[in-house]
Amino acid sequence: MNISDRRRILGPSNAKLLTFDKSGPVEIEPISSSSVPNSTSMYIENGLICNANGSSYLEVTGSTSEADRTLMLTSVYGPRPSRGAFNAKATLSVQFKEVTLEKIPAGELKELCNFLSNVFNAVINLERYPKSGIDVFLSLIHSSNGSQLYELESIISTCVNGITLALIDAGIEIFDTVSAGIYEKHIVAFVKNGTEIVGFWKGKDSASESEDILSIIEQCKLDYLKNRKAMVEYLVRCNDKEDHLQHEVTKQ
Amino acid sequence: MVLSVTEKLYLHESLVSNPPARPDGRSADQFRPIEIFTDFLPTSNGSSKIVASDGTECIVSAKCKVVDHTLEEDLIEVDVDIAGHRDDSPLVQGTLSVLNRVLLSQIDRGSLRLTKKYSFKLYIDVLVLSSYSHPLTLISFAIYSALNSTLLPTLISSDDDLDVAELPTFHDYDLTKLTIKVPVLFTVAVCGKNVIVDPASSESDVANNGILVTWYDGKVTAPVRTLGLNEDYVSGITPQSLADGLKLIEDIAPKVVKALDS
Amino acid sequence: MSFYSKDYPIAYPGLLICPAFELGEKTTDSQEIIRYIPGHGVAEQNYELNGHTMKALTATLIGSIDFEEDEMATQTPIPTTEASNDGASKEGDGQEISDNEAGGKGERRYIVTVKDQNALERNVNEDFANNLPREGSIVLVRVTRISLQRANVEILAVENKTLPKDSGVGSNGTGVTAAGGGSGAATFSVSQASSDLGETFRGIISARDVRATDRDKVKIMESFRPGDIVRAQVISLGDGSNYHLSTAKNDLGVVFARAFNGAGGLMYAIDWQTMVAPSTGSMELRKCAKPF
Chain A
1 MNISDRRRIL GPSNAKLLTF DKSGPVEIEP ISSSSVPNST SMYIENGLIC NANGSSYLEV
61 TGSTSEADRT LMLTSVYGPR PSRGAFNAKA TLSVQFKEVT LEKIPAGELK ELCNFLSNVF
121 NAVINLERYP KSGIDVFLSL IHSSNGSQLY ELESIISTCV NGITLALIDA GIEIFDTVSA
181 GIYEKHIVAF VKNGTEIVGF WKGKDSASES EDILSIIEQC KLDYLKNRKA MVEYLVRCND
241 KEDHLQHEVT KQ
Chain B
1 MVLSVTEKLY LHESLVSNPP ARPDGRSADQ FRPIEIFTDF LPTSNGSSKI VASDGTECIV
61 SAKCKVVDHT LEEDLIEVDV DIAGHRDDSP LVQGTLSVLN RVLLSQIDRG SLRLTKKYSF
121 KLYIDVLVLS SYSHPLTLIS FAIYSALNST LLPTLISSDD DLDVAELPTF HDYDLTKLTI
181 KVPVLFTVAV CGKNVIVDPA SSESDVANNG ILVTWYDGKV TAPVRTLGLN EDYVSGITPQ
241 SLADGLKLIE DIAPKVVKAL DS
Chain C
1 MSFYSKDYPI AYPGLLICPA FELGEKTTDS QEIIRYIPGH GVAEQNYELN GHTMKALTAT
61 LIGSIDFEED EMATQTPIPT TEASNDGASK EGDGQEISDN EAGGKGERRY IVTVKDQNAL
121 ERNVNEDFAN NLPREGSIVL VRVTRISLQR ANVEILAVEN KTLPKDSGVG SNGTGVTAAG
181 GGSGAATFSV SQASSDLGET FRGIISARDV RATDRDKVKI MESFRPGDIV RAQVISLGDG
241 SNYHLSTAKN DLGVVFARAF NGAGGLMYAI DWQTMVAPST GSMELRKCAK PF
């Protein structure tokens, strides 16, 4: 017995060393971007989190370069009983968290959460869930945008789309498949096939300052329609097959 | 004031009608009367107090500090305290974040520059004594008038201190007026197809959505966004309403700024 | 062709299903009106069409659309004003319902629901996640506490409805506990108020709601014991924390109970108010649900 090993760092003499499987870094296969310029692609998978009532995983590859990616995991808990005063409607809360690097200032996140809960207050059929609370948790797994530390615009639109998918997965009644469209730093969340706006966000000044607001909205609407089409297609296909097959939609 | 379901419904109906019938008889583009007092806090460089007709009251004080701007990124820091709301409540945090971002991104750093090395850093403290409606517009009016009445110490040492290491020295009692352009934030409520400016609390309670518009240097700038004013009546708005809201601000903002300046 | 007999694709939230009402068969002296009532998974919304608003039914869930004729409510004459106010025009032919057409004529009602396809196989009506207890629904509850005036219960499930995955994890004893519970560190959220994992909705059965007869002679002790599984009906949403429940019907009451306050074996009801443990033969008093 080794006398010097008082702290038992080496362990008993008959100990077996722990060996790990040889596993290199997983090669991520590039999503079939088909190198169409100015096309964003979206990868959707619902129901990954088993203990949440509903969840969605969204991977959005940006329009400008392959490196722009936003990975977002959304989970919906509830409706769960709320305590305290009587509420004829459900109360919605949205929490946002960066799982890996925390790059976004806390105040901005609060604003984002306020904005998102306002959007979904208008969309969820809250009357159906009295005396309860619905909690939405957003986990930003990864977001990169070349020069910038983070791109809030693409994060916001991913949030909107992710929450919608997670709510649908949870079977919570929503009035419409709400989705967001981006154009030049403007994000617009639409409902009713683009005739109504539930959320508008312009965080930074853009180059297209002179452009009319209505034409900006029109541009966002095009993006919205693409996103929504991809989401609905995924949902319908999933519902058809029942087994949640992986599904990839490349927007043209 | 908490309204019953029926009262709210009645109010909503009257605001949706054309033209909107507002409970206090204002027209859609009319503000409530406000009173502003400036420069009344002896220990701060600039101060203002704003009182709205519904009793909302807000005090803003601006203090300055000399900092090395090569080390200090942000030359403005805002702190917000709203009576009756916790510091980590969404309202306070949201307001704080918006104000910080707007002021930092829009205000020209050069106007706070003292020497090649040093700048003034402004600390703006906002205290909302009582708030009955969404306080953002009033706060921004108060900040606007506080910063426009801010007097900073006059520099008497040389403004080129890159070669000679020298701390800036100031005149004993002479003060210089701070001249900067300050952004103003407006909240607009959308009820049906109508857009109304400066919603009172009862109007906020039944509005379909709110829009936050920033006005700076004669034009609408970022951030512009929808803002939840309540949880019961919130719904989608048409793109036209959003455009109407921006148009409304473009029409009235110059007048408001003119009134604040006078 | 009427909307109720059409074939629909799989519904997703926001899918327009049909207008709130349409005109059916027209004979010389009467005009049939078909009214569509939003049921589960369907909501009525206002849509703008050619300048005027009309009410239409949209899906709010994923699933297949189902029309069910409401026999009970047929033939109720609709007030004429309502029909003219809505000014609903049919999508197809733009026909307006005018006062004289709608006046006192026959009406058919259809309840429109969106159903999960899996649920159909499970042979349970309207089976879907997220059914919260509401007035009139039958719930299964567990007695947690009794006093002279009332029994406190926790609601385990709404009868014939599935539970949300994360509902009452602790109480139901199924499901994986969420790490961080979906609440955790979150501040200022509903989750803060109900921070405990696996919490269920709670309810109260007051002594006067235990049975329909001899209400003032009810003794809670002789009706329920902690741990009993009781079938009850929601009579109101109650206050902030408790639903108000009733067992004042024949088919409501204790369905499962263990003898000796849970220490003994499972008991079986032998009449309306007695249960017996077959192994020991001991009898206990309960307000039993219809035992036959």
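Chains as they are written, first to last, in the UniProt record's numbering: chain A, 1 to 252; chain B, 1 to 262; chain C, 1 to 292. A virtual CB, placed ideally from N, CA and C, is assigned to each residue, including glycine.
| Taking all protein chains shown into account, do 16 or more other C-beta atoms lie within 10 angstroms of the C-beta of Met-72 of chain A, making it buried, or fewer, making it exposed? | Looking up residue 72 of chain A in the first sequence gives position 72. Result: buried.
| query | Considering Glu-153 of chain A, what are the terminal residues of the alpha helix (DSSP H) in which it resides? | reply | As a working note, residue 153 of chain A is residue 153 in the first sequence. Glu-153 of chain A -> alpha helix (DSSP H) spans 152–170.
| message | Give me the subset of the segment 6–23 of chain C whose CB atoms are less than 7 Å from a CB atom of chain A, sorted by chain position. | response | Ile-10, Tyr-12, Pro-13 and Gly-14
| said: For Thr-83 of chain A, tell me which candidate among C:Phe-201, C:Ala-207, C:Gly-264 and C:Ser-236 has the shortest Cα-Cα distance. | reply: By 1-based counting over the first sequence, the position of residue 83 of chain A is 83. Here residue 83 of chain A turns out to be Arg, not Thr, going by the sequence shown. Cα-wise, what sits closest to Arg-83 of chain A is C:Phe-201.
| Given a limit of 7 Å on CB to CB distance, which residues of the segment 213–236 of chain A reach chain B? | Ile-213, Leu-214 and Ile-217
| request: Kindly list, in the order they appear in chain F, the residues whose Cβ is closer than 7 Å to that of Ile-174 of chain A. | output: Here chain F cannot be found, since the structure's protein chains are A, B and C.
| message | With distance defined between alpha-carbon atoms, name the residue in B:Cys-58, B:Cys-191 and B:Tyr-144 nearest to Val-257 of chain B. | response | Taking the second sequence and counting its residues from 1, one reaches residue 257 of chain B at position 257. Cα-wise, what sits closest to Val-257 of chain B is B:Tyr-144.
| Going by DSSP, which residues form a beta bridge with residue 263 of chain B? | Because chain B here runs from 1 to 262, residue 263 of chain B falls outside it and cannot be looked at.
| message | Give the list of continuous beta strand (DSSP E) stretches no shorter than 3 residues that lie fully inside the segment 217–280 of chain C. | response | 229–236, 242–246, 253–256 and 274–276
| query | What are the complete alpha helix (DSSP H) segments, minimum 4 residues, inside the segment 64–88 of chain B? | reply | As far as the segment 64–88 of chain B is concerned, it has no whole alpha helix (DSSP H) run of at least 4 residues.
| Going by Cα to Cα distance, which pick from C:Ile-62, C:Glu-154 and C:Ile-34 is closest to Arg-108 of chain C? | Here residue 108 of chain C refers to the residue found at position 108 of the third sequence. Selected option, being the one with the closest Cα: C:Ile-34.
| query | Taking the continuous alpha helix (DSSP H) assigned at residue 254 of chain A, which residues delimit it? | reply | The structure shown does not extend to residue 254 of chain A, since chain A spans only 1 to 252, so no value can be given for it.
| Three-way DSSP call (helix, strand, coil) for Asn-148 of chain B in this model | Position 148 of the second sequence, counted from the start, is the residue given in the question as residue 148 of chain B. Residue state, collapsed to three classes: helix.
| So which of B:Leu-246, B:Glu-203, B:Thr-238 and B:Asn-209 has the shortest CA-CA distance to Cys-15 of chain B? | For the purposes of this step, residue 15 of chain B is identified with residue 15 of the second sequence, where counting begins at 1. Reading off the sequence shown, one finds Leu at residue 15 of chain B, where the question assumed Cys. Nearest C-alpha to Leu-15 of chain B: B:Glu-203.
| message | If you measure between the beta carbons of Tyr-132 of chain B and Thr-56 of chain B, is that distance less than 8 Å? | response | Start at 1 with the first residue of the second sequence, and residue 132 of chain B comes out as number 132. Start at 1 with the first residue of the second sequence, and residue 56 of chain B comes out as number 56. In contact: Tyr-132 of chain B and Thr-56 of chain B (Cβ atoms closer than 8 Å).
| message | Strictly below 7 Å CB to CB, what residues from chain A border Ala-222 of chain B? | response | One-based indexing of the second sequence puts residue 222 of chain B at position 222. Here the neighbours are Lys-202, Gly-203, Lys-204 and Asp-205.
| query | Candidates A:Thr-70, A:Tyr-77, A:Glu-102 and A:Asn-121: which alpha carbon is nearest Ile-52 of chain A's? | reply | By 1-based counting over the first sequence, the position of residue 52 of chain A is 52. First, the amino acid is wrong: residue 52 of chain A is Ala here, not Ile. Considering only alpha carbons, the answer is A:Tyr-77.
| request: Could you tell me which uninterrupted beta strand (DSSP E) segments, each at least 3 residues in length, are contained entirely in the segment 175–212 of chain B, listed from first to last along the chain? | output: 184–191 and 194–197
| task | Could you name the residues of chain A that Glu-72 of chain B contacts, counting a contact when the two beta carbons are closer than 9 Å? | result | Here residue 72 of chain B corresponds to residue number 72 of the second sequence, with the count starting at 1. Those within 9 Å of Glu-72 of chain B in chain A number zero; the least Cβ separation is about 17 Å.
| Where the segment 36–53 of chain C meets chain A: residues whose CB sits under 8 Å from a CB there | Gly-41, Ala-43, Gln-45, Tyr-47 and Glu-48
| message | Suppose you measure from the CA of Ala-146 of chain B to the CA of Ile-156 of chain B; what does that come to, to the nearest Å? | response | Here the question's residue 146 of chain B lines up with position 146 in the second sequence. Here the question's residue 156 of chain B lines up with position 156 in the second sequence. One C-alpha to the other measures close to 25 Å.
| field | Span of the alpha helix (DSSP H) around Ser-105 of chain B | value | Taking the first residue of the second sequence as 1, we reach residue 105 of chain B at position 105. Segment 90–106, the alpha helix (DSSP H) holding Ser-105 of chain B.
| query | Hey, out of C:Ile-65, C:Glu-48 and C:Asn-50, whose CA is closest to Gly-39 of chain C's CA? | reply | As a first step, residue 39 of chain C must be located in the third sequence, where it is residue number 39. Across the set C:Ile-65, C:Glu-48 and C:Asn-50, the C-alpha of C:Ile-65 shows the shortest separation from the C-alpha of Gly-39 of chain C.
| In chain A, what lies closer than 8 Å to Asn-100 of chain B by C-beta? | To locate residue 100 of chain B, count along the second sequence from 1; it is residue 100. From the beta-carbon of Asn-100 of chain B, the residues of chain A found nearer than 8 Å are Gly-107.
| Between Ser-282 of chain C and the rest of its own chain, which residues show a CB-CB distance below 6 Å, the 5 nearest in sequence each way excluded? | Against the third sequence, residue 282 of chain C aligns to sequence position 282. Contacts found: Ala-259.
| request: In the DSSP assignment, find the unbroken alpha helix (DSSP H) run with Leu-11 of chain B in it and report its ends. | output: As a position in the second sequence, residue 11 of chain B is number 11, starting the count at 1. Note, Leu-11 of chain B: alpha helix (DSSP H), 5–16.
| message | Is there a C-beta anywhere in chain B that falls below 8 Å from the one on Thr-195 of chain A? | response | The residue given as residue 195 of chain A occupies position 195 in the first sequence. Contacts with chain B at 8 Å (Cβ-Cβ) include Thr-195 of chain A.
| beta strand (DSSP E) segment containing Ser-241 of chain B, residue limits | Mapped onto the second sequence, residue 241 of chain B falls at position 241. It is not in any beta strand (DSSP E) - Ser-241 of chain B instead sits in the alpha helix (DSSP H) that spans 239–261.
| query | Under a CB-based cut-off of 8 Å, is Ser-33 of chain A close to chain B? | reply | For the purposes of this step, residue 33 of chain A is taken as the residue at position 33 of the first sequence. Below a pLDDT of 50, predicted positions are generally treated as unreliable, and Ser-33 of chain A, at 39, falls in that range; no measurement from the model is reported.
| query | Apart from the five residues just before and just after Thr-280 of chain C, which ones in its own chain have a Cβ nearer than 6 Å to its Cβ? | reply | Within the third sequence, residue 280 of chain C is the residue found at index 280, counting from 1. If we look at Thr-280 of chain C and ignore the five residues flanking it on each side, it has no Cβ neighbours.
| message | Taking its Cβ as the centre, do 16 or more other Cβ atoms sit within 10 Å of Tyr-183 of chain A, making it buried, or is it exposed? | response | Sequence index remark: in the first sequence, residue 183 of chain A carries index 183 (1-based). It counts as buried.
| query | If you draw a straight line from the C-alpha of Thr-179 of chain B to the C-alpha of Leu-75 of chain B, how long is it? | reply | The residue given as residue 179 of chain B occupies position 179 in the second sequence. The residue given as residue 75 of chain B occupies position 75 in the second sequence. About 15 Å.
| task | Identify the contact partners of Thr-280 of chain C in chain A, using a Cβ-Cβ distance below 8 Å as the criterion. | result | Along the third sequence, read from residue 1 onward, the residue named residue 280 of chain C stands at position 280. Under the 8 Å cutoff, chain A gives no residues; its nearest Cβ is about 38 Å from Thr-280 of chain C.
| Would the beta-carbon of Asp-176 of chain A fall within 8 Å of that of Lys-192 of chain A? | If you number the first sequence from 1, residue 176 of chain A lands on position 176. If you number the first sequence from 1, residue 192 of chain A lands on position 192. For the 8 Å CB-CB criterion, Asp-176 of chain A and Lys-192 of chain A form a contact.
| query | Are there 16 or more other CB atoms within 10 angstroms of the CB of Cys-220 of chain A, so buried, or fewer, so exposed? | reply | As a first step, residue 220 of chain A is located in the first sequence; it is residue number 220 there, counting from the start. In the assembly as shown, Cys-220 of chain A is a buried residue. Its beta-carbon has 16 or more other beta-carbons within 10 Å.
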